[in-house]
Amino acid sequence: MFFSSLSNKLIRKPHSGKFLPVLDGLRFLAIVPVILQHANERLFKYGDVGPLSAIEEMLSFLISRGTIGVFLFFAISGFILSLPFAQNRKQESYGGYIKRRLIRIEPPYLLWMSIFAIILLVKGDYPGKELLGHFLASITYTHQFIYGEYSIINPVAWSLEVEIQYYLIAPFLAKFYFSIRNTFARRWGLAYLIFSFLLFQHGMGWHLMPYKATLLGQLPHFLVGMLAADFYTRPVIKTKSIVWDLFFPGLVLILAYTWTEELWKSIVFELGLLGVFFSAFYGRILPKFLSYTWVVIIGGMCYSLYLTHLPLLEGFYLFIGKFGHWSDYIGQLSISLIIALPLIFLCGVIAYRWIEQPFMVKAKAKPKAHFAEASAAISE
(Lines of atoms letter the chains of each structure in order from A and count residues from 1; the text may use other names and numbers.)
(Lines give C-alpha, C1' and ligand atoms only; values in the text may rest on other atoms or scores of the structure.)
Protein backbone atom coordinates (compact mmCIF):
# COMPACT_ATOMS: atom_id res chain seq x y z
CA MET A 1 0.00 0.00 0.00
CA PHE A 2 2.79 2.41 0.95
CA PHE A 3 4.82 1.70 -2.18
CA SER A 4 1.71 1.92 -4.35
CA SER A 5 0.90 5.34 -2.91
CA LEU A 6 4.51 6.46 -3.25
CA SER A 7 4.73 5.29 -6.85
CA ASN A 8 1.59 7.26 -7.75
CA LYS A 9 3.20 10.40 -6.35
CA LEU A 10 6.52 9.83 -8.07
CA ILE A 11 5.39 8.72 -11.53
CA ARG A 12 5.86 11.44 -14.11
CA LYS A 13 2.87 13.14 -15.71
CA PRO A 14 4.18 15.13 -18.70
CA HIS A 15 2.33 18.35 -19.43
CA SER A 16 1.75 17.21 -23.01
CA GLY A 17 -0.19 14.18 -21.81
CA LYS A 18 1.87 12.01 -24.17
CA PHE A 19 3.80 9.70 -21.86
CA LEU A 20 6.13 7.02 -23.22
CA PRO A 21 7.20 4.87 -20.24
CA VAL A 22 9.98 3.28 -22.26
CA LEU A 23 11.76 6.65 -22.46
CA ASP A 24 12.00 6.87 -18.69
CA GLY A 25 13.12 3.25 -18.84
CA LEU A 26 15.95 4.34 -21.13
CA ARG A 27 16.78 7.07 -18.64
CA PHE A 28 17.04 4.30 -16.02
CA LEU A 29 19.52 2.50 -18.28
CA ALA A 30 21.47 5.75 -18.52
CA ILE A 31 21.58 6.80 -14.84
CA VAL A 32 22.41 3.41 -13.26
CA PRO A 33 25.76 2.88 -15.08
CA VAL A 34 26.78 6.45 -14.27
CA ILE A 35 26.15 5.92 -10.56
CA LEU A 36 27.96 2.57 -10.56
CA GLN A 37 30.97 4.05 -12.35
CA HIS A 38 31.27 6.91 -9.89
CA ALA A 39 30.92 4.50 -6.96
CA ASN A 40 33.65 2.30 -8.41
CA GLU A 41 35.95 5.29 -8.94
CA ARG A 42 35.47 6.47 -5.35
CA LEU A 43 36.16 2.99 -4.02
CA PHE A 44 39.55 2.99 -5.76
CA LYS A 45 40.18 6.62 -4.80
CA TYR A 46 39.54 6.27 -1.07
CA GLY A 47 39.55 2.53 -0.37
CA ASP A 48 42.19 -0.17 -0.24
CA VAL A 49 41.05 -2.98 -2.51
CA GLY A 50 44.40 -4.64 -3.09
CA PRO A 51 45.41 -6.43 -6.32
CA LEU A 52 42.61 -7.53 -8.64
CA SER A 53 42.07 -10.94 -10.19
CA ALA A 54 41.43 -11.27 -13.93
CA ILE A 55 37.68 -11.48 -13.34
CA GLU A 56 37.77 -8.44 -11.05
CA GLU A 57 39.77 -6.52 -13.66
CA MET A 58 37.11 -7.29 -16.26
CA LEU A 59 34.28 -6.30 -13.91
CA SER A 60 36.01 -3.05 -13.00
CA PHE A 61 36.59 -2.27 -16.67
CA LEU A 62 32.94 -2.81 -17.59
CA ILE A 63 31.79 -0.64 -14.67
CA SER A 64 34.27 2.04 -15.77
CA ARG A 65 32.32 2.31 -19.03
CA GLY A 66 29.45 3.93 -17.13
CA THR A 67 29.96 7.27 -18.88
CA ILE A 68 28.19 5.61 -21.80
CA GLY A 69 25.05 6.41 -19.81
CA VAL A 70 25.74 10.12 -20.29
CA PHE A 71 25.93 9.63 -24.05
CA LEU A 72 22.64 7.74 -23.90
CA PHE A 73 21.19 10.74 -22.06
CA PHE A 74 22.34 12.95 -24.93
CA ALA A 75 20.73 10.65 -27.49
CA ILE A 76 17.48 10.59 -25.49
CA SER A 77 17.53 14.39 -25.50
CA GLY A 78 17.96 14.37 -29.25
CA PHE A 79 14.99 12.01 -29.50
CA ILE A 80 12.65 13.90 -27.18
CA LEU A 81 13.44 17.38 -28.44
CA SER A 82 12.84 16.21 -32.01
CA LEU A 83 9.65 14.28 -31.35
CA PRO A 84 7.19 17.22 -31.48
CA PHE A 85 8.53 18.12 -34.93
CA ALA A 86 8.47 14.52 -36.10
CA GLN A 87 4.81 14.28 -35.05
CA ASN A 88 3.86 17.71 -36.45
CA ARG A 89 2.58 18.98 -33.12
CA LYS A 90 1.61 22.59 -32.52
CA GLN A 91 4.60 24.65 -31.42
CA GLU A 92 4.86 27.44 -28.90
CA SER A 93 7.14 30.44 -29.39
CA TYR A 94 10.86 29.98 -28.90
CA GLY A 95 10.80 32.53 -26.08
CA GLY A 96 8.02 30.66 -24.30
CA TYR A 97 9.88 27.41 -24.78
CA ILE A 98 13.05 28.83 -23.20
CA LYS A 99 11.17 30.45 -20.32
CA ARG A 100 9.26 27.28 -19.48
CA ARG A 101 12.41 25.18 -19.52
CA LEU A 102 14.26 27.62 -17.26
CA ILE A 103 11.41 27.45 -14.74
CA ARG A 104 11.67 23.68 -14.89
CA ILE A 105 15.42 23.04 -14.68
CA GLU A 106 17.19 26.03 -13.14
CA PRO A 107 15.78 26.15 -9.55
CA PRO A 108 16.78 22.58 -8.55
CA TYR A 109 20.16 23.02 -10.23
CA LEU A 110 20.79 26.36 -8.53
CA LEU A 111 19.75 24.98 -5.15
CA TRP A 112 22.00 21.92 -5.26
CA MET A 113 24.99 23.77 -6.67
CA SER A 114 24.59 26.35 -3.90
CA ILE A 115 24.47 23.65 -1.22
CA PHE A 116 27.55 21.88 -2.58
CA ALA A 117 29.44 25.17 -2.91
CA ILE A 118 28.65 26.05 0.72
CA ILE A 119 29.90 22.63 1.83
CA LEU A 120 33.20 23.18 -0.01
CA LEU A 121 33.47 26.66 1.50
CA VAL A 122 32.91 25.37 5.04
CA LYS A 123 35.43 22.57 4.50
CA GLY A 124 37.95 25.15 3.33
CA ASP A 125 38.88 23.19 0.22
CA TYR A 126 39.09 26.35 -1.89
CA PRO A 127 39.50 30.09 -1.17
CA GLY A 128 36.17 31.91 -1.17
CA LYS A 129 37.02 34.12 -4.14
CA GLU A 130 38.13 31.17 -6.27
CA LEU A 131 35.07 29.16 -5.29
CA LEU A 132 32.77 32.07 -6.18
CA GLY A 133 34.18 32.20 -9.70
CA HIS A 134 33.61 28.49 -10.23
CA PHE A 135 30.13 28.77 -8.73
CA LEU A 136 29.04 31.61 -11.01
CA ALA A 137 30.43 29.81 -14.06
CA SER A 138 28.69 26.59 -13.05
CA ILE A 139 25.23 28.06 -12.50
CA THR A 140 25.38 29.91 -15.82
CA TYR A 141 26.44 26.72 -17.65
CA THR A 142 29.69 28.33 -18.81
CA HIS A 143 32.25 26.57 -16.62
CA GLN A 144 33.78 24.59 -19.46
CA PHE A 145 34.10 27.69 -21.63
CA ILE A 146 35.73 29.75 -18.87
CA TYR A 147 37.89 27.19 -17.09
CA GLY A 148 38.26 24.44 -19.69
CA GLU A 149 37.67 21.76 -17.06
CA TYR A 150 34.92 20.09 -15.06
CA SER A 151 33.22 22.07 -12.31
CA ILE A 152 34.96 21.70 -8.94
CA ILE A 153 31.57 22.07 -7.26
CA ASN A 154 29.90 19.14 -8.99
CA PRO A 155 31.91 17.63 -11.88
CA VAL A 156 28.89 15.98 -13.50
CA ALA A 157 27.54 19.44 -14.34
CA TRP A 158 29.62 19.37 -17.53
CA SER A 159 27.00 17.23 -19.26
CA LEU A 160 24.22 19.63 -18.25
CA GLU A 161 26.19 22.42 -19.92
CA VAL A 162 26.28 20.33 -23.10
CA GLU A 163 22.55 19.62 -22.78
CA ILE A 164 21.82 23.35 -22.53
CA GLN A 165 23.98 24.10 -25.57
CA TYR A 166 22.05 21.59 -27.63
CA TYR A 167 18.80 22.67 -26.08
CA LEU A 168 19.24 26.17 -27.53
CA ILE A 169 19.64 24.96 -31.12
CA ALA A 170 17.53 21.78 -31.06
CA PRO A 171 14.24 23.34 -32.28
CA PHE A 172 15.95 24.86 -35.30
CA LEU A 173 17.76 21.64 -36.22
CA ALA A 174 14.63 19.54 -35.78
CA LYS A 175 12.42 21.97 -37.68
CA PHE A 176 14.81 22.02 -40.62
CA TYR A 177 15.32 18.25 -40.60
CA PHE A 178 11.65 17.33 -40.55
CA SER A 179 10.82 19.97 -43.16
CA ILE A 180 12.49 17.61 -45.63
CA ARG A 181 9.53 15.58 -46.86
CA ASN A 182 11.45 12.81 -48.56
CA THR A 183 11.92 10.37 -45.67
CA PHE A 184 14.60 8.29 -47.39
CA ALA A 185 16.62 11.34 -48.38
CA ARG A 186 16.51 13.03 -44.98
CA ARG A 187 17.48 9.86 -43.08
CA TRP A 188 20.44 9.13 -45.27
CA GLY A 189 21.29 12.82 -45.24
CA LEU A 190 21.37 12.85 -41.44
CA ALA A 191 23.41 9.64 -41.36
CA TYR A 192 25.88 11.25 -43.75
CA LEU A 193 25.97 14.37 -41.57
CA ILE A 194 26.76 12.31 -38.47
CA PHE A 195 29.52 10.47 -40.33
CA SER A 196 30.96 13.68 -41.77
CA PHE A 197 30.84 15.45 -38.43
CA LEU A 198 32.72 12.57 -36.79
CA LEU A 199 35.43 12.87 -39.46
CA PHE A 200 35.67 16.62 -38.98
CA GLN A 201 35.48 16.28 -35.18
CA HIS A 202 38.46 13.93 -35.07
CA GLY A 203 40.36 16.02 -37.59
CA MET A 204 39.91 19.14 -35.45
CA GLY A 205 40.55 17.35 -32.16
CA TRP A 206 37.10 18.16 -30.79
CA HIS A 207 36.82 14.65 -29.36
CA LEU A 208 39.57 15.57 -26.89
CA MET A 209 39.54 17.88 -23.88
CA PRO A 210 38.63 20.65 -23.50
CA TYR A 211 36.31 20.44 -26.53
CA LYS A 212 34.87 17.01 -25.79
CA ALA A 213 33.03 18.48 -22.79
CA THR A 214 31.16 20.84 -25.13
CA LEU A 215 28.58 20.31 -27.86
CA LEU A 216 31.42 20.11 -30.40
CA GLY A 217 32.50 16.87 -28.79
CA GLN A 218 29.04 15.40 -28.23
CA LEU A 219 26.76 16.53 -31.10
CA PRO A 220 26.66 13.13 -32.90
CA HIS A 221 24.89 11.52 -29.92
CA PHE A 222 22.07 14.07 -30.09
CA LEU A 223 21.77 13.61 -33.85
CA VAL A 224 21.47 9.84 -33.38
CA GLY A 225 18.53 10.57 -31.08
CA MET A 226 16.94 12.73 -33.77
CA LEU A 227 17.34 9.91 -36.26
CA ALA A 228 15.77 7.50 -33.76
CA ALA A 229 12.78 9.85 -33.41
CA ASP A 230 12.33 9.73 -37.18
CA PHE A 231 12.34 5.93 -37.19
CA TYR A 232 9.98 5.86 -34.21
CA THR A 233 7.33 8.07 -35.83
CA ARG A 234 7.69 6.48 -39.27
CA PRO A 235 8.82 2.93 -38.47
CA VAL A 236 10.46 0.66 -40.98
CA ILE A 237 9.88 -2.27 -38.60
CA LYS A 238 6.21 -3.16 -38.17
CA THR A 239 6.35 -5.97 -35.60
CA LYS A 240 8.15 -6.58 -32.33
CA SER A 241 10.67 -9.41 -32.24
CA ILE A 242 12.74 -11.15 -29.59
CA VAL A 243 15.66 -10.77 -31.98
CA TRP A 244 16.04 -7.18 -30.77
CA ASP A 245 16.16 -8.44 -27.18
CA LEU A 246 18.93 -10.85 -28.14
CA PHE A 247 20.82 -8.02 -29.84
CA PHE A 248 20.73 -5.82 -26.74
CA PRO A 249 23.51 -7.47 -24.65
CA GLY A 250 25.72 -7.37 -27.72
CA LEU A 251 24.93 -3.69 -28.20
CA VAL A 252 25.97 -3.00 -24.61
CA LEU A 253 29.31 -4.72 -25.21
CA ILE A 254 29.77 -2.83 -28.48
CA LEU A 255 29.24 0.46 -26.66
CA ALA A 256 31.60 -0.60 -23.87
CA TYR A 257 34.43 -1.48 -26.22
CA THR A 258 34.02 1.29 -28.79
CA TRP A 259 33.97 4.24 -26.38
CA THR A 260 37.47 5.34 -27.32
CA GLU A 261 39.14 8.17 -29.20
CA GLU A 262 39.57 6.11 -32.39
CA LEU A 263 37.51 7.31 -35.34
CA TRP A 264 36.24 3.95 -36.61
CA LYS A 265 35.17 2.94 -33.11
CA SER A 266 33.31 6.25 -32.74
CA ILE A 267 31.34 5.42 -35.88
CA VAL A 268 30.49 1.95 -34.57
CA PHE A 269 29.53 3.51 -31.22
CA GLU A 270 26.89 5.73 -32.84
CA LEU A 271 25.46 2.73 -34.69
CA GLY A 272 25.28 0.86 -31.39
CA LEU A 273 23.55 3.81 -29.76
CA LEU A 274 20.91 3.80 -32.49
CA GLY A 275 20.54 0.06 -31.98
CA VAL A 276 19.65 0.61 -28.31
CA PHE A 277 16.59 2.60 -29.40
CA PHE A 278 15.55 -0.13 -31.82
CA SER A 279 15.87 -2.76 -29.07
CA ALA A 280 13.88 -0.58 -26.67
CA PHE A 281 11.05 0.00 -29.13
CA TYR A 282 10.94 -3.24 -31.13
CA GLY A 283 12.00 -5.96 -28.70
CA ARG A 284 9.51 -8.05 -26.73
CA ILE A 285 11.21 -8.39 -23.34
CA LEU A 286 13.28 -5.21 -23.03
CA PRO A 287 10.34 -2.80 -23.60
CA LYS A 288 8.38 -4.56 -20.84
CA PHE A 289 11.31 -4.21 -18.44
CA LEU A 290 11.78 -0.56 -19.37
CA SER A 291 8.07 0.06 -18.72
CA TYR A 292 8.08 -1.57 -15.27
CA THR A 293 6.73 0.95 -12.73
CA TRP A 294 9.79 1.39 -10.54
CA VAL A 295 12.17 1.35 -13.48
CA VAL A 296 10.10 4.17 -14.97
CA ILE A 297 10.04 6.04 -11.64
CA ILE A 298 13.80 5.82 -11.13
CA GLY A 299 14.34 6.90 -14.72
CA GLY A 300 11.94 9.79 -14.23
CA MET A 301 13.92 10.90 -11.16
CA CYS A 302 17.20 10.88 -13.06
CA TYR A 303 17.70 14.67 -12.93
CA SER A 304 17.63 14.72 -9.13
CA LEU A 305 19.69 11.53 -8.94
CA TYR A 306 22.22 12.92 -11.38
CA LEU A 307 22.63 16.19 -9.49
CA THR A 308 23.03 14.61 -6.06
CA HIS A 309 24.69 11.20 -6.44
CA LEU A 310 28.34 12.21 -6.88
CA PRO A 311 28.70 14.38 -3.74
CA LEU A 312 26.91 11.66 -1.75
CA LEU A 313 29.27 8.99 -3.08
CA GLU A 314 32.27 11.22 -2.41
CA GLY A 315 31.32 11.60 1.24
CA PHE A 316 30.32 7.95 1.67
CA TYR A 317 33.48 6.41 0.23
CA LEU A 318 35.67 8.95 2.01
CA PHE A 319 34.15 7.63 5.23
CA ILE A 320 34.45 3.90 4.53
CA GLY A 321 37.95 4.41 3.14
CA LYS A 322 39.08 5.06 6.71
CA PHE A 323 38.57 1.36 7.47
CA GLY A 324 41.37 0.34 5.10
CA HIS A 325 41.49 -3.09 3.45
CA TRP A 326 38.63 -5.12 4.89
CA SER A 327 37.68 -7.36 1.95
CA ASP A 328 38.58 -8.10 -1.64
CA TYR A 329 37.43 -5.81 -4.46
CA ILE A 330 34.13 -7.55 -5.20
CA GLY A 331 33.31 -7.78 -1.49
CA GLN A 332 34.00 -4.10 -0.84
CA LEU A 333 32.13 -2.99 -3.94
CA SER A 334 29.10 -5.19 -3.24
CA ILE A 335 28.76 -4.33 0.44
CA SER A 336 29.34 -0.62 -0.12
CA LEU A 337 26.75 -0.53 -2.91
CA ILE A 338 24.20 -2.30 -0.70
CA ILE A 339 24.48 0.74 1.58
CA ALA A 340 25.16 3.50 -0.96
CA LEU A 341 22.45 2.76 -3.53
CA PRO A 342 19.50 2.92 -1.08
CA LEU A 343 21.02 6.11 0.35
CA ILE A 344 21.20 7.68 -3.10
CA PHE A 345 17.69 6.49 -3.91
CA LEU A 346 16.27 7.92 -0.67
CA CYS A 347 17.95 11.28 -1.22
CA GLY A 348 16.80 11.19 -4.84
CA VAL A 349 13.19 10.60 -3.81
CA ILE A 350 13.32 13.51 -1.36
CA ALA A 351 14.97 15.79 -3.91
CA TYR A 352 12.57 14.78 -6.66
CA ARG A 353 9.34 14.83 -4.64
CA TRP A 354 9.84 18.07 -2.72
CA ILE A 355 12.28 20.06 -4.85
CA GLU A 356 12.05 18.99 -8.48
CA GLN A 357 8.34 18.13 -8.79
CA PRO A 358 7.04 21.54 -7.57
CA PHE A 359 8.89 23.23 -10.42
CA MET A 360 7.59 20.63 -12.85
CA VAL A 361 4.10 21.75 -11.82
CA LYS A 362 5.02 25.39 -12.38
CA ALA A 363 6.38 24.55 -15.81
CA LYS A 364 3.16 22.73 -16.68
CA ALA A 365 1.21 25.90 -15.95
CA LYS A 366 2.78 27.49 -19.01
CA PRO A 367 1.12 27.23 -22.46
CA LYS A 368 0.37 23.64 -23.38
CA ALA A 369 1.56 23.93 -26.93
CA HIS A 370 5.13 22.77 -26.75
CA PHE A 371 8.37 23.23 -28.61
CA ALA A 372 9.74 20.12 -26.91
CA GLU A 373 8.99 18.17 -23.80
CA ALA A 374 12.32 17.84 -22.06
CA SER A 375 15.96 17.04 -22.28
CA ALA A 376 17.08 13.59 -21.25
CA ALA A 377 18.68 14.00 -17.84
CA ILE A 378 16.14 16.75 -17.22
CA SER A 379 12.94 14.73 -17.24
CA GLU A 380 9.70 16.66 -17.36
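Under full-length UniProt numbering, the residues of the sequence shown are numbered 1 to 380, in order. Ideal Cβ positions, reconstructed from N, Cα and C, are used throughout, including at glycine.
- In this chain, the alpha helix (DSSP H) harbouring H143 covers 143-147.
- By the CB criterion at 8 Å, Y317 and Y46 fall inside the cutoff.
- By the criterion of a C-beta distance shorter than 6 Å, T293 is surrounded in its chain by S7, once the five residues flanking it on both sides are discounted.
- With fewer than 16 other beta carbons inside 10 angstroms of its own, R181 counts as exposed.
- For A228, the enclosing alpha helix (DSSP H) has its first and last residue at 215-233.
- Taking 8 Å as the cut-off, the beta carbon of L310 is found no closer than this to the beta carbon of W112.
- A distance of 8 Å or more separates the beta carbons of W244 and I68.
- Contact between the region 130-137 and the region 182-195 is absent, with fewer than three C-beta pairs closer than 8 Å.
- Here R27 carries a helix assignment [DSSP, helix/strand/coil].
- In this chain, the alpha helix (DSSP H) harbouring R186 covers 183-204.
- Annotation: the continuous alpha helix (DSSP H) that includes P249 extends over 242-258.
- By the beta-carbon neighbour count (other beta carbons within 10 angstroms, threshold 16), R284 is exposed.
- DSSP, reduced to helix, strand and coil, places L52 outside both helices and strands of the structure shown, so it counts as coil.
- The C-beta of Y192 has fewer than 16 other C-beta atoms within 10 Å across all chains shown, which makes the residue exposed.
- For W112, the enclosing alpha helix (DSSP H) has its first and last residue at 94-123.
- For T140, the closest of F116, L286, L102 by C-alpha to C-alpha distance is L102.
- Within its own chain, the residues whose Cβ lies closer than 7 Å to the Cβ of L52, once the five positions on either side in sequence are excluded, are S60, Y329, listed in chain order.
- Using a C-beta cut-off of 8 Å, the region 21-28 makes no contact with the region 321-339, since fewer than three inter-stretch Cβ pairs fall below that distance.
- Between F247 and G225, the C-beta spacing is not below 8 Å.
- Counting the other Cβ atoms within 10 Å of the Cβ of A54 gives fewer than 16, which makes it exposed.
- S327 carries a coil assignment under DSSP once its states are collapsed to helix, strand and coil.
- N88 carries a coil assignment under DSSP once its states are collapsed to helix, strand and coil.
- Boundaries of the alpha helix (DSSP H) harbouring L307: 302-320, taken from the DSSP string.
- Annotation for W158: the continuous alpha helix (DSSP H) segment containing it runs 157-178.
- Between L215 and Y166, the beta carbon gap of about 6 Å places them in contact (Cβ cut-off 8 Å).
- Take F277, set aside five residues on each side of it, and the residues of its chain with a beta-carbon closer than 6 Å to its own are A228, in chain order.
- When the beta-carbon positions are compared, I115 and S138 stay at least 8 Å from each other.
- Within 10 angstroms of the beta-carbon of I297 lie 16 or more other beta-carbons, which makes it buried.
- The DSSP-derived three-state label of V236 is coil.
- Take the alpha-carbon of N88 and the one of L333: they are about 48 Å apart.
- Contact annotation: M301 and R104 have beta-carbon atoms that are not nearer than 8 Å.
- For G299 against I31, the beta-carbon gap comes to about 7 Å, under 8 Å, which counts as contact.
- Here the alpha carbons of L190 and L199 stand approximately 14 Å from one another.
- With fewer than 16 other CB atoms across the displayed protein chains lying within 10 angstroms of its CB, D125 is exposed.
- Straight through space, the alpha carbons of V295 and S4 are spaced by roughly 14 Å.
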